[in-house]
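Here the structure is laid out as structure tokens; the discussion comes afterwards.
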Amino acid sequence: MSHTLNKLINFNSAAANNDLISGDVEIVGAGCGQLDLMTIKAARIVSQAEALVYDSLVSSDILSLVSADCQRHFVGKRCGQPSYKQDDINALLAKLATQGLKVVRLKGGDPHIFGRGAEESLYLAKLGIASRFTPGITAALGCASTTGIPLTYRGMARSVTLVTGTRITNDGLDQAPTHWKGLLEAQSTLVFYMGKEQAAAISAGLMSVKAEANLPVALVTNGGRPNQLITYGNVSNMAKQATLIKDSGPTLIIIGEVVAVGQELAGLLSDIKAKPTDFVEVAYG
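Each number in this note's numbering comes from the position in the sequence shown (counting from 1) with 1398 added on.
This is the structure we're talking about:
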């Protein structure tokens, strides 16, 4: 751990009010990628853990915060791969807490955005085990910042709707036209988490309620990480674009006119970087 991070983690005595308590569980959001996108509070709490229960989207540099003596329990879930059941994770958290350990449940993004943090907290509370939450930067916010795609934009998108892609199936499309129509009519930027495998179903659902075929789409893979990949398309071809993504990392889908704003900005910034640096004299008066 760097000297700077150590200094930040221990930056003042008031931080001690948030120290971990033996036998309690802190449910922490790791953010959307790199260590420097974690909050200072989250990093400090993770460094105190005696038992760490973490997901697959937690990067190795974040794991380097914990001490060598800390128990590490990987419970990650990945699409199409064998993984821990939620009941098993709940039981593990309770077991570690009842052993009197300082337990940190570390999740990618934010614990309350498709993270099941509240489910785990309720389970523990019913057993008489206290828990607290530490927020993290959720993928939608992280991807918006790192790609330059604004989730809201004056006169274009007045709201943002976060949707989990794991609950969307082709079989259910004909039974949910009001769902798709509601999403479309809200004039909201749509953000689908874990949506790459369901890109065809999302496209079909939106097209079934007369979405514009050329409505811009961005598929952001490994958002907030050095290997971030952006694949652009539109509602009509997003399924095909998704098949072009060979990276197995998590992919978030942003749908809306704001994607075009992000593309325009990216193009302008690319032109600026490509030009030689000239000093322009600006007259004031």
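Beta carbons: idealized from backbone N, C-alpha and C, even for Gly.
Source: prediction; values computed, not measured.
In the three-state DSSP reduction, Arg1470 falls in the strand class (E or B). The count of Cβ pairs closer than 8 Å, one atom from the region 1665–1676 and one from the region 1625–1634, stays below three, leaving the stretches out of contact.
With at least 16 other beta carbons inside 10 angstroms of its own, Ile1653 counts as buried. DSSP lists no bridge partner for Thr1496.
Ile1651 places its beta carbon 9 Å or farther from that of Ala1611. Taking the C-beta atoms as reference points, Glu1517 is found no nearer than 9 Å to Gly1563.
In this model, Leu1604 and Leu1613 are separated by some 10 Å (Cα to Cα). Setting aside the 5 residues that flank it on each side, Asn1488 is surrounded in the same chain by Glu1517, Glu1518, Tyr1521, Leu1522, each with a C-beta closer than 8 Å to its C-beta; the list follows chain order. Distance from the Cα of Ser1529 is smallest, within the candidate group Tyr1452, Ser1420, Lys1579, for Ser1420.
Here the region 1539–1548 makes no contact with the region 1457–1474; the two share fewer than three CB pairs at distances below 8 Å. The C-alpha of Glu1424 lies about 7 Å from the C-alpha of Leu1418.
With respect to Cys1468, Ala1447 sits close: the two C-beta atoms are nearer than 9 Å. Its chain contains Cys1430, Gly1431, Leu1435, Gly1540, Thr1544 as the residues whose beta carbon lies nearer than 6 Å to that of Gly1622, once the 5 sequence neighbours on both sides are disregarded; these appear in chain order.
The three-state secondary structure of Arg1442, taken from DSSP, is helix.
Between the C-alpha atoms of Glu1662 and Leu1588 there is a straight-line separation of about 19 Å. Taken in chain order, the whole alpha helix (DSSP H) runs of length 4 or more contained in the region 1592–1668 are 1597–1606, 1636–1641. Between the beta-carbon of Gly1427 and that of Thr1550 there is about 22 Å, and that puts the pair past the 8 Å contact cut. When DSSP states are grouped into helix, strand and coil, Leu1418 belongs to the coil group.
In the DSSP assignment, Ser1519 falls within the alpha helix (DSSP H) that extends over 1515–1524.
Distance from the CA of Val1473 to the CA of Phe1512, rounded to the nearest whole angstrom, comes to 16 Å.
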